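Trainee:
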Amino acid sequence: SMSLSLSFSNSLWKMSQKKLFLVLVAVTTISFLLHHGGHLSWTLEAFRMGCSSMRSSFRGRPKHTSVAFLKTHKTASTTVQNMLFRFAERNNLTVGLPITACDHQFCYPRLFSRNFVHPHTTPPDIVTSHMRFSHSEVRRFMPNNTIYITILREPGAMFESLFSYYNQYCQSFRRVPNGSLETFLDHPWMYYRQEENDSMYARNTLTFDLGGDKDRLPVNAAAYAKRFAAKVERVFSLVMISEHFDESLVLLRRLLSWDLEDVLYVKLNMRTASSKNRLSAELRGKIRAWNAIDTALYDHFNTSLWRQLKMLGLACVAREVQLLRHARDQLVRGCFGGRLPQLRSASQIVNKDLRPWQPSSKVSIVGYDLPTNTSIKGSGLQQDMCMRMILPEVQYTRLLLRSQSVRYRSRLLHPWVPRTVPAIILPSSGLQETQTQNCCVGIRLKESFECVL
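Residue numbers (the working numbering): 236 to 688.
1) How many Å lie between Pro662 and Ala323 at the Cα?
2) Sort out for me which residues DSSP pairs Tyr427 with in a bridge.
3) So, using beta-carbon positions, are Ala303 and Thr418 closer together than 8 Å?
4) Can you give me the start and stop residues for the beta strand (DSSP E) that Ala303 sits inside?
5) What does the Cβ neighbour count give for Met624, buried or exposed, with the cut at 16 atoms within 10 Å?
6) Short check: CB of Thr385 to CB of Asp529, under 8 Å?
7) So for Ile522, helix, strand or coil by DSSP?
8) Please work out which residues of its chain come closer than 6 Å, Cβ to Cβ, to Gly414, disregarding the five sequence neighbours upstream and downstream, and give them in chain order.
9) Can you tell me which of Gln617, Ile361, Glu430, Leu495 puts its alpha carbon nearest to the alpha carbon of Asp450?
10) Under the three-state reduction of DSSP, which class applies to Tyr383: helix, strand or coil?
11) If you pair each beta-carbon of the segment 487-505 with each one of the segment 356-369, do three or more pairs fall below 8 Å?
12) Measure the C-alpha to C-alpha separation of Pro344 and Arg590 and round it to an integer number of angstroms.
13) Looking only at C-alpha atoms, which of Phe398, Leu445, Arg410 sits nearest to Tyr436?
14) Rounding to the nearest angstrom, what Cα-Cα distance links Arg574 and Val352 in this structure?
15) Compute the beta-carbon to beta-carbon distance between Val556 and Glu482, rounded to the nearest angstrom, for a pair I have assumed lies under 8 Å.
16) Assuming Arg519 and Gly391 form a contact by the criterion Cβ under 8 Å, report the distance between their Cβ atoms to the nearest whole angstrom.
17) Could you check which residue in Asn350, Met318, Arg321 has the C-alpha nearest to that of Pro333?
18) So what's Phe267 in DSSP terms, helix, strand or just coil?
19) Just the C-alpha distance for Val567 and Ala465, rounded to the nearest angstrom, thanks.
20) Starting from the Cα of Gln618, find the closest Cα among Cys570, Tyr631, Ile522 and give me that residue.
21) What's the gap between the Cα of Leu305 and the Cα of Leu484?
22) How big is the Cα-Cα spacing for Ala516 and Thr538?
23) Is the distance from the Cβ of Thr187 to the Cβ of Leu416 below 8 Å?
24) Bridge partners for Leu473 per DSSP, in chain order?
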């Protein structure tokens with residue numbers, strides 16, 4: 236009986252050891268995930284909760300890195316652009332950027348030409364700045380396996396935003412007494428001049444951005460819109476819809492085989508509530524009639540989006556959207572001291588690098604400021620990454636152009652240096668542009684640091 240008792244005790248001890256080992260593994264794993272900002276937990280949870288067809292399509296596929304995103308106007312496209320900028324930096328990709336003469340857009344509203352691309356940013360992996368799209372020109376300098384993506388917005392909400400944003404720049408809007416949207420829509424032909432250089436903001440802006448004809452006569456507008464939608468569908472693998480942004484990201488992630496962390500975002504380039512006009516059903520109807528081609532495009536691709544989502548299964552799409560929002564909030568709270576960020580007017584933002592461009596005194600574009608009294612390192616997140624999530628379009632474009640120009644010149648001087656070497660290291664205090672001639676900004680060449688001007 237004593238040997239039986241000893242055997243039983245040994246069995247209990249082995250079981251206790253096994254349980255203790257499992258507990259230690261679990262604690263270690265949780266600590267590791269928390270230390271790394273939950274990246275692995277998001278990835279595993281996305282795999283568990285995501286659509287089965289999505290999981291099978293991801294298996295064995297590398298991330299797709301050749302992307303042309305047509306950045307349309309007032310459609311949440313700045314948020315997508317920021318996402319692509321960050322993906323490019325994390326993966327040491329080249330972003331095709333406009334020449335200096337074009338500022339941060341590819342000489343818009345001129346039809347895109349590859350001559351508008353800055354030579355220091357070629358050959359590009361990603362292109363995502365504003366342009367008037369020309370497929371024949373874009374494909375001449377992008378890789379053959381490039382995936383084309385764009386985003387549309389419901390024409391009523393979009394036109395209200397355009398009218399507010401460009402009220403002081405578009406001549407068709409400036410002619411309107413008291414800057415009244417209702418007055419413009421009552422008699423649009425009194426104010427609209429299709430031959431003016433800025434007229435694309437006043438009618439069928441989506442169609443114009445996509446390279447189409449915004450001024451088709453009403454008698455053949457419907458037939459043209461149908462043909463044009465088919466043309467867009469042949470080129471663009473995904474047309475996102477602004478009103479269903481997160482659902483669109485589920486499809487984007489599947490299309491590009493990206494991780495969940497690659498599609499996390501903070502909303503950018505938004506107006507204050509006081510800058511927005513509430514649209515009546517009558518006013519929205521007038522907008523849709525005035526922008527008939529845009530309306531047909533939007534309705535076509537909104538239907539197409541939901542057809543694709545239904546093929547994945549709406550229940551699993553909803554689960555993945557829920558996971559995306561949870562992961563996004565978790566990431567954002569890590570950047571903003573455990574809280575969701577507070578929108579601020581440009582004058583309230585302490586860091587000048589984070590102040591968004593203001594189109595006029597009548598419109599207030601809000602942004603964010605990173606907290607100064609919170610240690611971001613405590614959350615396992617790097618300050619540079621948090622800074623980039625909220626960096627406005629113009630500043631981010633200039634930052635990328637500087638860093639890619641440095642990398643371009645370093646490749647000319649040191650062609651043996653791999654392209655995957657990071658080109659620039661930002662100071663932890665923020666985004667500061669240095670003009671001095673001996674500005675060692677941290678270009679790692681072999682085992683030393685050198686300045687490349």
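For each residue, glycine too, the CB sits at the ideal point set by N, CA and C.
Since the structure is predicted, the reported quantities are computational estimates derived from the model, not experimental observations.
Mentor: According to the structure shown:
1) Numbered from 1 along the sequence shown, position 427 holds the residue referred to as residue 662. Numbered from 1 along the sequence shown, position 88 holds the residue referred to as residue 323. Any reading at Pro662 is ruled out, since the residue's pLDDT is 37, under 50, leaving its predicted position unreliable.
2) Looking up residue 427 in the sequence shown gives position 192. BP columns for Tyr427 are empty, so no partner.
3) Numbered from its first residue, the sequence shown carries residue 303 at position 68. Numbered from its first residue, the sequence shown carries residue 418 at position 183. Taking 8 Å as the Cβ cut-off, Ala303 and Thr418 do not qualify as a contacting pair.
4) Here residue 303 refers to the residue found at position 68 when the sequence shown is read from its first residue. Where Ala303 is concerned, the enclosing beta strand (DSSP E) stretches over 302-305.
5) Within the sequence shown, residue 624 is the residue found at index 389, counting from 1. When all chains shown are included, Met624 counts as buried.
6) Locating residue 385 in the sequence shown gives position 150, counting from the first residue. Locating residue 529 in the sequence shown gives position 294, counting from the first residue. No; because the gap between Cβ atoms is not below 8 Å, this pair is not in contact.
7) Along the sequence shown, one-based indexing puts residue 522 at 287. Helix, per DSSP.
8) Taking the sequence shown and counting its residues from 1, one reaches residue 414 at position 179. Only Asn402 meet the Cβ criterion.
9) Within the sequence shown, residue 450 is the residue found at index 215, counting from 1. Nearest C-alpha to Asp450: Glu430.
10) Counting from 1 along the sequence shown, the entry for residue 383 is found at position 148. It is a strand residue.
11) no
12) If you number the sequence shown from 1, residue 344 lands on position 109. If you number the sequence shown from 1, residue 590 lands on position 355. Taking the straight line joining both Cα atoms gives about 25 Å.
13) As a first step, residue 436 is located in the sequence shown; it is residue number 201 there, counting from the start. Out of Phe398, Leu445, Arg410, Phe398 has the C-alpha closest to the C-alpha of Tyr436.
14) As a position in the sequence shown, residue 574 is number 339, starting the count at 1. As a position in the sequence shown, residue 352 is number 117, starting the count at 1. Their Cα atoms are separated by approximately 40 Å.
15) Within the sequence shown, the letter at position 321 stands for residue 556. Within the sequence shown, the letter at position 247 stands for residue 482. With a Cβ gap of about 6 Å, Val556 and Glu482 count as contacting.
16) On the sequence shown, residue 519 is found 284 positions in, with the first residue counted as 1. On the sequence shown, residue 391 is found 156 positions in, with the first residue counted as 1. Confirmed, about 4 Å.
17) Translated into positions along the sequence shown, residue 333 becomes position 98. Nearest option by C-alpha distance: Asn350.
18) By one-based count along the sequence shown, residue 267 stands at place 32. Any answer about Phe267 is weak, because its pLDDT of 40 lies below 50 and its placement is not dependable; what the coordinates show is given next. Phe267: helix per DSSP, three-state reduction.
19) Residue numbering aside, residue 567 sits at position 332 when the sequence shown is read from its first letter. Residue numbering aside, residue 465 sits at position 230 when the sequence shown is read from its first letter. Spanning the two alpha carbons is a distance of roughly 39 Å.
20) By one-based count along the sequence shown, residue 618 stands at place 383. With distances taken between CA atoms, Gln618 lies nearest to Cys570 out of Cys570, Tyr631, Ile522.
21) Taking the sequence shown and counting its residues from 1, the one referred to as residue 305 is at position 70. Taking the sequence shown and counting its residues from 1, the one referred to as residue 484 is at position 249. About 15 Å.
22) Start at 1 with the first residue of the sequence shown, and residue 516 comes out as number 281. Start at 1 with the first residue of the sequence shown, and residue 538 comes out as number 303. Rounded to whole angstroms, Ala516 to Thr538 spans 21 Å at the Cα level.
23) An answer regarding residue 187 cannot be provided, because it is not within the stretch 236 to 688 covered by the chain.
24) Numbered from its first residue, the sequence shown carries residue 473 at position 238. Answer by DSSP bridge pairing, in chain order: Ile384.
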